[in-house]
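In UniProt numbering, the protein residues as written are 1 to 329.
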């Protein structure tokens, strides 16, 4: 049994607990929030007795073995390192940090303390991502992947009315690339590795973060195109284009329906059954790491998390998005 604490009481933490609870070795033992009332309210939903409003007390506590961190992006590195320095395993929401320098410091803390660190980006663990990976050879020579994820933010209308929103605030390392574009970038790099070159454009909002953008990742003989937005929706699927056929993926972050269209006219559905509470898969991977005494996943490896963040750093530099966290480098 792995005893977990959670940092953050938003909807994503609810989704994580719901999925993780499907693993027999998961046990929720503690909840952190800056607000006592929020901590109590959230803990009550899951019959959890232990609440914290002080991170140091939680990190020093012998009540937990691991922590799931779902705080604002700008706090990920500091909080993760703090828990790891107290010998707690860390599963941290995407993006793992604000920039690659922070990711390097997190990896060092993981190694120095011999504790597991994993980015909580579920896509690579899903059965349908594995279906994509295992059927790529059917497409022949691959020439392009178009990863499209555009989702009108539930906070954008409020933002346009002048209200403060963390996701559009550079102080919280927000913006479309960090929140949405990372899924597309992770997907492409999980399959094809580090690109030779990165070319990025973006629409910068009044706060200085990007509302939408495009990345072109250059590889030998092919290109990866990332289309991301938090200020528009899209009904267009993602696609991997090969010389022998095309693979259409319904949703890049959570693929469920995957179809291959062969040049000869044949069509093949390669979709696989997948648990609805799909954060189960990342939770199970993380729990297995701890049980096996490993400090990193073979799928969401430290190297992959760092490489993706280095690409996002390059993209942000090109479009002119600077976070306060970048100035600490």
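Where a beta carbon is used, it is the ideal one built from N, C-alpha and C, also for glycine.
One alpha carbon belongs to residue 183, the other to residue 194, and they sit about 15 Å apart.
With a cutoff of 7 Å on beta-carbon distance, residue 4 and residue 68 are scored as near each other. In the DSSP assignment, residue 252 falls outside any alpha helix (DSSP H), carrying neither H nor E.
Nearest Cα to residue 116 within the set 309, 323, 302: 302. Residue range 50 to 52 is occupied by the beta strand (DSSP E) that includes residue 50. Take the alpha-carbon of residue 126 and the one of residue 255: they are about 8 Å apart. In the DSSP assignment, residue 268 falls within the unbroken beta strand (DSSP E) covering 267 to 269.
Apart from sequence neighbours up to five positions away, the residues of its chain that approach residue 228 with a beta-carbon distance below 7 Å are 149, 150, 176, 177, 180, 181, 184, 212, 213, ordered along the chain. For residue 259, DSSP records a beta bridge to 248, 269. Judged by DSSP in its simplified three-state form, residue 116 adopts coil rather than helix or strand. Ranked by Cα distance from residue 97, the first of 157, 77, 50 is 77.
The beta carbon of residue 259 sits closer than 6 Å to the beta carbons of 248, 269 from its chain, once the five residues preceding and following it are set aside; these are given in chain order.
Rounded to the nearest angstrom, the gap between the Cα atoms of residue 310 and residue 24 is 36 Å. About 13 Å separates the Cβ atoms of residue 6 and residue 59, ruling out a contact at the 8 Å cut-off. For residue 145, the pairing in a beta bridge is given by DSSP as 224, 240. Scanning its chain for C-beta atoms nearer than 7 Å, with the 5 sequence neighbours on each side dropped, one finds around residue 103 the residues 96, 97, 305, 306, 309, in chain order. Classified as exposed, residue 292 has fewer than 16 neighbouring CB atoms from the shown chains inside 10 Å of its CB. Judged by beta-carbon spacing, residue 12 lies beyond the 7 Å limit of residue 290, meaning their Cβ atoms are not closer than that value.
Here the C-alpha atom of residue 106 lies approximately 9 Å from the C-alpha atom of residue 84. The stretch 12 to 21 and the stretch 276 to 283 touch, with three or more beta-carbon pairs separated by less than 8 Å. The three-state reading of DSSP puts residue 93 in strand, counting E and B together.
Nearest in C-alpha terms to residue 233, of all of 217, 218, 251, 219, is 251. Under the three-state reduction of DSSP, residue 13 is assigned to helix.
Scanning 191, 198, 186, 204 for the CA closest to the CA of residue 174 turns up 204.
Per DSSP, residue 235 is not a residue of any alpha helix (DSSP H), being assigned neither H nor E. Within the DSSP secondary-structure output, residue 69 pairs in a beta bridge with 7, 92. Contact annotation: residue 245 and residue 219 have beta-carbon atoms that are not nearer than 7 Å.
Excluding residues up to 5 positions away in sequence, 9, 31, 33 lie with their Cβ nearer than 7 Å to the Cβ of residue 42 in the same chain. The continuous alpha helix (DSSP H) containing residue 132 extends over residues 127 to 134.
Cβ contact annotation for residue 122 (same chain, cutoff 7 Å, sequence separation greater than five): 278, 279, 281, 282, in chain order. In the DSSP secondary-structure assignment, residue 26 is bridged to 2.
With contacts defined by Cβ atoms closer than 7 Å, residue 118 and residue 297 form a contacting pair. With contacts defined by Cβ atoms closer than 7 Å, residue 190 and residue 124 form a contacting pair. Using a 10 angstroms sphere on the CB of residue 186, the tally of other CB atoms reaches 16 or more, which defines it as buried.
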